[in-house]
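Chains as they are written, first to last, in our numbering: chain U, 1 to 266; chain H, 1 to 351. Glycine included, C-beta positions come from ideal geometry on N, C-alpha and C. These numbers come from a predicted model, not from an experiment.
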Ligand SMILES: Nc1ncnc2c1ncn2[C@@H]1O[C@H](COP(=O)(O)OP(=O)(O)O)[C@@H](O)[C@H]1O
Ligand SMILES: [Mg+2]
């Protein structure tokens with residue numbers, strides 16, 4: 001009886017803690033989205049009414065729209081590049097035992113451990129040295145460096161679970177190596193590939209620290225713009241822009257989840 | 001060795017992993033329609049041998065040929081081999097029919113013909129009603145039959161099976177074993193089969209290759225390896241037996257180190273003798289033979305027989321026998337037994 005009560009109490013506390021954590025995680029986003037809907041001219045929560053005027057303002061601000069375009073393009077390119085590099089690297093790491101394999105693995109994951117500020121500082125000096133400073137290529141390269149570890153990690157995890165017998169079975173059924181990759185390996189790794197892409201895209205799209213170092217002139221990403229804007233202004237326009245960032249992120253995850261079928265991506 | 005009808009030929013095949021011999025040296029010919037079984041304890045190199053034939057592992061030395069063609073350097077997808085893996089390795093993202101169709105697409109077969117072939121093979125393994133299911137929705141036995149159908153659909157020159165029953169429960173195992181045997185024989189399929197289960201090997205195989213530590217201990221029919229084991233290892237691994245060490249004199253009489261005498265037809269010299277438990281009988285059943293007094297050390301009831309551990313002087317024997325109800329000897333009893341000389345085998349003494 002008392003054990004029962006104990007269990008009951010613990011599960012209630014557990015549920016409470018869980019909801020508290022969810023609330024803490026979601027609350028900032030909810031507040032931002034709510035304030036962006038205000039019809040007034042100051043950031044207030046809760047908003048006194050509902051209007052889309054600040055979204056229209058954001059839409060009409062070429063500054064923010066250009067930055068959004070740049071951020072989307074950058075995130076997409078960084079995703080594709082780090083996926084291609086990451087796939088090649090994880091295949092090599094997973095399938096071949098060679099000298100220095102552990103070293104390369106740690107090297108690929110190291111940007112996760114280095115503070116982004118340090119990374120940015122290092123990259124900017126490096127780019128000045130090789131003449132890539134203040135170029136789009138430099139910005140893209142920097143983003144690939146920070147997205148690649150996520151791709152490698154996610155792909156490595158799904159490759160560990162991959163049954164190599166399936167490829168051998170396919171081979172014994174007359175499939176050439178390219179057919180095996182096309183019909184067995186890639187389809188079965190697809191959930192992993194998609195979640196790697198989501199991680200890469202979201203990481204690049206939301207990054208501030210590195211982009212501050214590598215942005216220049218008209219090539220300034222959306223999060224950096226939001227940050228510099230907030231330093232001078234405090235109007236709901238920035239909330240609307242931030243909400244757009246949130247929508248893009250959520251949409252990416254949602255689409256990826258749909259694409260990969262029944263298996264959850266994250 | 002006659003060259004005709006040989007489908008698979010291993011010539012002195014070896015595989016070493018960093019100096020460790022997984023397969024030391026195997027030579028073996030498999031004839032058309034023959035069902036050959038590699039039998040041995042875990043880690044003796046069976047799977048490695050099978051995978052070298054399939055083309056998944058490069059041998060360190062030796063040659064493999066299929067129907068006279070040297071395939072040692074040929075990639076797996078050009079070897080014309082069907083394989084059923086221990087875990088079946090069904091493609092999880094394809095239905096049963098798609099799994100079976102996979103190989104047929106790869107060889108460029110036309111759609112109508114493919115459909116016919118799939119129907120035919122699924123009917124043979126009694127799975128046509130499940131053709132639209134995904135593998136995860138099938139029982140272990142059904143998955144095994146899909147794997148078999150998938151491998152057989154291409155009508156390969158050789159079928160390879162790696163412990164195909166090890167993931168099934170005992171009753172199902174026996175039934176599927178019979179089904180598999182019937183199917184393979186009705187197709188006259190040349191088959192190499194790997195197992196560590198001697199009963200499976202004895203019931204299924206036309207010939208058994210007994211392996212131990214990467215080496216072949218004996219190749220022979222099930223009767224040969226059981227009745228005339230070529231080594232102590234074979235005698236102990238296949239069936240149960242008692243082994244007696246001793247000497248054979250000029251007249252063929254074996255005297256064990258413990259003093260037990262048994263007539264043989266072997267040449268004189270030090271020898272090891274194998275006595276299978278079913279050849280140790282109650283003295284009243286073999287009244288013409290010399291009777292021995294044996295002490296019962298242990299007695300296990302197995303239903304159809306009781307297995308007794310006996311000691312005669314310093315020699316240990318096993319005995320399988322039936323006793324009338326209430327007459328079963330207990331531990332410590334002394335019984336009179338006789339040893340059927342037809343069941344006494346001399347094993348060549350290895351140096
Ligand atoms: N890739 C490998 N690397 C090193 N040793 C291996 C490898 N594969 C198998 N072995 C060793 O070779 C021996 C034979 O293995 P295997 O053919 O799988 O045996 P079986 O199938 O008879 O159980 C074992 O001792 C095993 O540890
Ligand atoms: Mg094995």
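*asked:* Quick test of your reading: residue 168 (chain H) and residue 50 (chain H), contact by CB under 8 Å. State the CB separation rounded to the nearest angstrom.
replied: For this step, residue 168 (chain H) is matched to residue 168 along the second chain. For this step, residue 50 (chain H) is matched to residue 50 along the second chain. Between residue 50 (chain H) and residue 168 (chain H) the Cβ distance is about 19 Å, and since that is not below 8 Å, they are no contact.
*Use the C-beta contact count for residue 205 (chain U): other C-beta atoms within 10 angstroms, 16 or more gives buried, fewer gives exposed.*
Taking the first chain and counting its residues from 1, the one referred to as residue 205 (chain U) is at position 205. Burial check for residue 205 (chain U): the Cβ neighbour count within 10 Å reaches 16 or more, so the residue is buried.
*Within the chosen definition, does the segment 158 to 173 of chain U reach the segment 235 to 252 of chain U through at least 3 CB pairs nearer than 8 Å?*
With a cut-off of 8 Å, the segment 235 to 252 of chain U and the segment 158 to 173 of chain U do not count as touching, because too few Cβ pairs lie within range.
*If you drop the 5 nearest sequence neighbours on each side, which residues of the same chain put their C-beta closer than 7 Å to that of residue 47 (chain H)?*
Position 47 of the second chain, counted from the first residue, corresponds to residue 47 (chain H). For residue 47 (chain H), same chain residues with a beta-carbon under 7 Å away, outside a window of 5 residues either side, are 162, 194 in chain order.
_Less than 8 Å between C-beta atoms, sequence neighbours within five positions excluded: which residues of the same chain meet that for residue 184 (chain H)?_
By one-based count along the second chain, residue 184 (chain H) stands at place 184. Excluding sequence neighbours, residue 184 (chain H) sits near 35, 159, 191.
*Can you find at least 3 beta carbon pairs, one from the segment 145 to 165 of chain U and one from the segment 81 to 88 of chain U, that sit closer than 8 Å?*
Flag = yes, the segment 145 to 165 of chain U and the segment 81 to 88 of chain U touch.
*Does DSSP classify residue 106 (chain U) as helix, strand or coil?*
One-based indexing of the first chain puts residue 106 (chain U) at position 106. Correct three-state label for residue 106 (chain U): helix.
_Measuring only the C-alpha atoms, how far is residue 59 (chain U) from residue 29 (chain U)?_
Counting from 1 along the first chain, the entry for residue 59 (chain U) is found at position 59. Counting from 1 along the first chain, the entry for residue 29 (chain U) is found at position 29. When only Cα atoms are considered, residue 59 (chain U) and residue 29 (chain U) end up about 20 Å apart.
*When Cβ atoms are compared, which residues of the segment 179 to 190 of chain U fall closer than 7 Å to chain H?*
Result list: 179, 184, 187, 188.
*Using the Cα positions of residue 104 (chain H) and residue 53 (chain H), report the straight-line distance between them to the nearest angstrom.*
Position 104 of the second chain holds residue 104 (chain H). Position 53 of the second chain holds residue 53 (chain H). Approximately 21 Å between the Cα atoms of the pair.
*On a CA-only basis, which of H:141, H:154, H:188, H:101 is nearest residue 33 (chain H)? Give me that one, please.*
Stepping through the second chain from its first residue, residue 33 (chain H) is reached at position 33. Looking at the Cα atoms, H:188 is the closest of the given residues.
*Buried or exposed by the 16-neighbour rule on C-beta atoms within 10 Å, applied to residue 225 (chain U)*: Against the first chain, residue 225 (chain U) aligns to sequence position 225. Residue environment: residue 225 (chain U) is assigned as buried (16 or more neighbouring CB atoms within 10 Å of its CB, all protein chains considered).
*asked:* On the criterion of 16 or more Cβ atoms from any shown chain inside 10 Å, does residue 17 (chain H) qualify as buried, or is it exposed?
replied: For the purposes of this step, residue 17 (chain H) is identified with residue 17 of the second chain, where counting begins at 1. With fewer than 16 Cβ atoms within 10 Å of its Cβ, residue 17 (chain H) is classed as exposed.
*residue 352 (chain H) versus residue 331 (chain H): straight-line alpha-carbon distance, rounded*: In this structure chain H extends from 1 to 351, so residue 352 (chain H) is not present and cannot be described.
*Return the bridge partner residues of residue 270 (chain H) from the DSSP annotation.*
On the second chain, residue 270 (chain H) is found 270 positions in, with the first residue counted as 1. Partner residues in the beta bridge of residue 270 (chain H), as assigned by DSSP, are H:247.
*Same chain only: Cβ atoms within 8 Å of residue 233 (chain H), ignoring 5 sequence neighbours per side*: Here residue 233 (chain H) corresponds to residue number 233 of the second chain, with the count starting at 1. Result list for residue 233 (chain H): 210, 212, 217, in chain order.
*Report the option in H:65, H:263, H:41 whose CA atom is closest to the CA atom of residue 28 (chain H).*
As a first step, residue 28 (chain H) must be located in the second chain, where it is residue number 28. Looking only at H:65, H:263, H:41, the smallest Cα-Cα distance to residue 28 (chain H) is reached by H:65.
*CB residue 321 (chain H) to CB residue 310 (chain H), shorter than 8 Å?*
Reading the second chain from its first residue, position 321 is the one you call residue 321 (chain H). Reading the second chain from its first residue, position 310 is the one you call residue 310 (chain H). Annotated as distal: residue 321 (chain H) and residue 310 (chain H), with beta-carbon spacing of 8 Å or more.
*Check whether residue 252 (chain H) and residue 263 (chain H) have beta carbons under 8 Å apart*: The sequence position of residue 252 (chain H) within the second chain is 252, counting from 1. The sequence position of residue 263 (chain H) within the second chain is 263, counting from 1. Yes, the Cβ-Cβ distance between residue 252 (chain H) and residue 263 (chain H) is below 8 Å.
_Contacts that residue 103 (chain H) makes with chain U (C-beta to C-beta distance below 7 Å)_ = In the second chain, counting from the first residue as 1, residue 103 (chain H) sits at position 103. Residues of chain U passing the Cβ test: 173, 174.
*May I ask you to list, following chain order, the residues of the segment 148 to 174 of chain H that have a beta carbon less than 9 Å from some beta carbon of chain U?*
Hits within the stretch, in order: 150, 151, 153, 154, 156, 160.
_Distance cut-off 7 Å: residue 42 (chain H) Cβ against heavy atoms of ligand 1_ = Locating residue 42 (chain H) in the second chain gives position 42, counting from the first residue. Correct: residue 42 (chain H) has its Cβ closer than 7 Å to ligand 1.
_Ignoring anything shorter than 4 residues, give me the alpha helix (DSSP H) runs that lie fully in the segment 50 to 132 of chain U, in order along the chain._
Listed in chain order, the alpha helix (DSSP H) elements of length 4 or more contained wholly in the segment 50 to 132 of chain U are 53 to 60, 62 to 95, 101 to 109, 116 to 130.
*Listed by chain order, chain H residues near residue 166 (chain U) by CB distance under 7 Å*: What you label residue 166 (chain U) is simply residue 166 of the first chain in a count that begins at 1. For residue 166 (chain U), the chain H residues whose Cβ falls inside 7 Å of its Cβ are 89, 91, in order along the chain.
*asked:* Given the structure, does residue 163 (chain H) come close to ligand 2, in the sense that its CB is under 7 Å from one of the ligand's heavy atoms?
replied: Residue 163 (chain H) sits at position 163 when you count from the first residue of the second chain. It does: the Cβ of residue 163 (chain H) is within 7 Å (strictly closer) of some heavy atom of ligand 2.
*Can you tell me where the alpha helix (DSSP H) with residue 194 (chain U) in it begins and where it stops?*
As a position in the first chain, residue 194 (chain U) is number 194, starting the count at 1. In the DSSP annotation of this structure, the continuous segment of the alpha helix (DSSP H) that includes residue 194 (chain U) starts and ends at 186 to 206.
_Residues in the same chain with beta-carbon distance under 6 Å from residue 280 (chain H), minus the five sequence neighbours each way, listed in chain order, please._
For the purposes of this step, residue 280 (chain H) is taken as the residue at position 280 of the second chain. Cβ within range, chain order: 317, 319, 337, 339.
*Contact list for residue 184 (chain H) against chain U, beta-carbon separation under 7 Å*: In the second chain, counting from the first residue as 1, residue 184 (chain H) sits at position 184. Per Cβ cutoff of 7 Å: no residues; residue 184 (chain H) is ~17 Å from chain U at best.
*Can you tell me the Cβ-Cβ gap for residue 228 (chain H) and residue 345 (chain H), rounded? I've got them flagged as a contact below 8 Å.*
The residue given as residue 228 (chain H) occupies position 228 in the second chain. The residue given as residue 345 (chain H) occupies position 345 in the second chain. The pair is a contact, with the Cβ atoms about 6 Å apart (cut-off 8 Å).
*Mind checking if residue 102 (chain U) is an interface residue toward chain H, Cβ cutoff 8 Å exclusive?*
Along the first chain, read from residue 1 onward, the residue named residue 102 (chain U) stands at position 102. By this cut-off, residue 102 (chain U) is not an interface position.
_Three-way DSSP call (helix, strand, coil) for residue 279 (chain H) in this model_ = Walking along the second chain from the start, residue 279 (chain H) turns up at place 279. Of the three classes helix, strand and coil, the one that applies to residue 279 (chain H) here is helix, per DSSP.
_Selection from U:220, U:153, U:52 that minimises the alpha carbon distance to residue 62 (chain U)_ = The residue given as residue 62 (chain U) occupies position 62 in the first chain. Among U:220, U:153, U:52, the Cα nearest to that of residue 62 (chain U) is on U:220.
*Whole-angstrom C-beta distance between residue 196 (chain U) and residue 151 (chain U), which should lie under 8 Å*: Taking the first residue of the first chain as position 1, residue 151 (chain U) is located at position 151. Taking the first residue of the first chain as position 1, residue 196 (chain U) is located at position 196. With a Cβ gap of about 4 Å, residue 151 (chain U) and residue 196 (chain U) count as contacting.
*Which class does residue 207 (chain H) belong to by DSSP, given the choice of helix, strand or coil?*
For the purposes of this step, residue 207 (chain H) is taken as residue 207 along the second chain, with counting starting at 1. DSSP places residue 207 (chain H) in strand when its eight states are reduced to three.
*Please find out if some non-hydrogen atom of ligand 1 comes closer than 7 Å to the beta-carbon of residue 45 (chain H).*
Sequence index remark: in the second chain, residue 45 (chain H) carries index 45 (1-based). Yes.
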